[in-house]
């Protein structure tokens, strides 16, 4: 998924908050009232509103959540009754903030269909579950450490638990929230587009409300039977192998980095033996900051570089420089930039509530252990398991972890160089989706869209009933 700029996110948030005045009317009327607004991300008029849902869906009279809703209207005169719905990835990323991405992905369909965006509980503007795990007085160091620093995770769990029941933020609850929106808008069927984690939310919705889905297109498929993290080790190994082969095939890369695999192995071995201290200029604090590079953190940061095929090629000369000359600063500066970009948009509390309820209980010590056959090991999983030991855990239904059995027409799109959701996860989902179609692009990474996949999605959603 491609992020929009921060100023656009802030403007969108402001506009959604401006619609909050309708919340009390919505509560009394039991409906969702949309008002005219502007989507600055897509530069068009839209309709925005807020819907009230119970935090605990199994109880009455408890805390209420206010979810942002945005509808980008169809551009043509004739509007089909079944709109497009975008489920964002993460988990923990606002959906309405990604209006530009969703509109671009589904542009060919917007002539005759509205595009509906609903913020997942815990991600929008109603007291989002934000932990600020990495923002610490403008310091650089947190962005060069592994995900989920345990002390700050513990602090965040205690702080958020004073106002929220963190066990209520699950995929199944989010699916029910969305169906409340569908019902409030008096919609019959909808067409789903889910990317990365959004594909899991889409599948959960298809299972729970099958009669409300006309068609679904899923990108970077994460089916519920596959716990997030289980396949990271082999996924990153496959993606990295492809990247290193690309370096060998490039005269320029090969001349700069004759042995990239050896350089990475040497760097990680050196850091496992003794972490390295690096001094970087911190523009936010206008001073130099001393940070420590560890093998675990560097393996995770290199894993992040493999999300987009070929991106790591820019880091390989810096790895070589660190190994050959002991100059780690250029590599560290690149890692700071890339890490800040990846980590700055998530509501980490929502992410932990989902992963700790649905995925961590199904991961094992084997999943967390470094795999000697994989150069980068199993990124993130040990840190996630440690974080989930101090994070409240929700309850999921027994069927949640089983494959979704459905006859809803579903398009499954995968990248052959995906380090997060390897393409065989879509094959797993397809086995019980009797009307599914597969598209594998061997050149693409995680949840990547190109002209071909956009065209396939448009054709698939546009088809008349069989």
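In this note's numbering, the protein residues as written are -9 to 456. For glycine and all other residues, C-beta sits at the position ideal for the given N, C-alpha and C.
>> Going by the DSSP bridge assignment, what does residue 44 pair with across the sheet?
In response: 54
> At which residues does the alpha helix (DSSP H) containing residue 478 begin and terminate?
Replying inline: The first residue shown for the chain is -9 and the last is 456, placing residue 478 beyond what the model contains.
> Enumerated in chain order, which unbroken segments of the beta strand (DSSP E) with a length of 3 residues or greater are wholly contained in the segment 191 to 260?
Replying inline: 203 to 209
>> Spatial neighbours of residue 256 within its chain, please: C-beta separation below 6 angstroms, excluding the five flanking residues on both sides.
In response: 313
>> Assuming residue 293 is part of the alpha helix (DSSP H), what are its boundary residues?
In response: 285 to 295
>> Once the 5 residues before and after residue 158 are set aside, which same chain residues still bring their CB inside 7 angstroms of it?
In response: 45, 46, 384
>> Just to confirm my understanding: we take residue 169, look at its own chain, exclude 5 residues before and 5 after, and list those with CB closer than 8 angstroms. What are they?
In response: 195, 198, 199, 202
> Between the segment 376 to 392 and the segment 411 to 419, are three or more C-beta pairs nearer than 8 angstroms?
Replying inline: no
>> Given this structure, state the Cα-to-Cα distance separating residue 330 from residue 133, to the nearest angstrom.
In response: 6 angstroms
>> Helix, strand or coil for residue 183? Go by DSSP, reduced to three states.
In response: strand
> At which residues does the beta strand (DSSP E) containing residue 270 begin and terminate?
Replying inline: 266 to 272
> Whose CA, out of 208, 150, 103, 112, lies closest to the CA of residue 177?
Replying inline: 103
> Would you say residue 127 and residue 57 are within 9 angstroms of each other, going by their C-beta atoms?
Replying inline: no
> Using a Cβ-Cβ cut-off of 8 angstroms (strictly less than) and excluding sequence neighbours within five positions of residue 450, which residues of its own chain qualify?
Replying inline: 205, 207, 399, 401, 427
> Under 9 angstroms, do residue 337 and residue 118 count as touching if we go by C-beta distance?
Replying inline: yes
> If you run the structure through DSSP and keep just helix, strand and coil, what is residue 346?
Replying inline: helix
> To the nearest angstrom, how far is it from the Cα of residue 351 to the Cα of residue 38?
Replying inline: 38 angstroms
> In terms of residue numbering, what span does the alpha helix (DSSP H) encompassing residue 24 cover?
Replying inline: Segment: none, residue 24 is in no alpha helix (DSSP H) and carries neither H nor E.
> So residue 182 and residue 75 are in contact, right, with Cβ under 8 angstroms, and what is the actual spacing, rounded?
Replying inline: 5 angstroms
> In whole angstroms, what is the alpha-carbon distance linking residue 448 and residue 29?
Replying inline: 23 angstroms
>> Following a CB-centred definition, is residue 401 positioned closer than 8 angstroms to any heavy atom of the ligand ZN?
In response: Among the ligands in the structure shown, none appear at all, so the ligand ZN cannot be discussed.
> Near residue 362, which residues of its chain fall below 7 angstroms by C-beta distance, leaving aside the five closest residues on each side in sequence?
Replying inline: For residue 362, the predicted structure reports a pLDDT of 48, less than 50, and the residue's modelled location is therefore unreliable. A value from the coordinates is still provided. Contacts found: none.
>> Buried or exposed, going by whether 16 or more other CB atoms sit within 10 Å of the CB of residue 295?
In response: buried
>> Measuring CB atoms only, is the segment 140 to 147 touching the segment 90 to 109, in the sense that at least three cross pairs come out at less than 8 angstroms?
In response: no
> Pick from 378, 101, 407, 368: whose alpha carbon is nearest that of residue 438?
Replying inline: 407
>> So, with DSSP's three-state summary, where would you put residue 31?
In response: coil
>> Between which residues of its own chain and residue 131 is the CB-CB distance below 6 angstroms, once the five residues before and five after are set aside?
In response: 281
> What's the gap between the Cα of residue 433 and the Cα of residue 109?
Replying inline: 31 angstroms
> How many whole angstroms separate the CB atoms of residue 323 and residue 270, which I take to be in contact at a CB cut-off of 8 angstroms?
Replying inline: 6 angstroms
> Are the Cβ atoms of residue 309 and residue 253 separated by less than 9 angstroms?
Replying inline: yes
> What are the partner residues of residue 279, as DSSP defines its beta bridges?
Replying inline: 270
> In terms of residue numbering, what span does the beta strand (DSSP E) encompassing residue 401 cover?
Replying inline: 400 to 405
>> In this structure, how does DSSP classify residue 67 when only helix, strand and coil are distinguished?
In response: coil
> How about residue 59 and residue 171: are their beta carbons less than 9 angstroms apart?
Replying inline: yes
> When DSSP builds the beta bridges, which residues end up paired with residue 74?
Replying inline: 105, 181
>> Can you tell me where the alpha helix (DSSP H) holding residue 478 begins and where it ends?
In response: Given a span of -9 to 456 for the chain in the structure shown, any question on residue 478 remains unanswerable.
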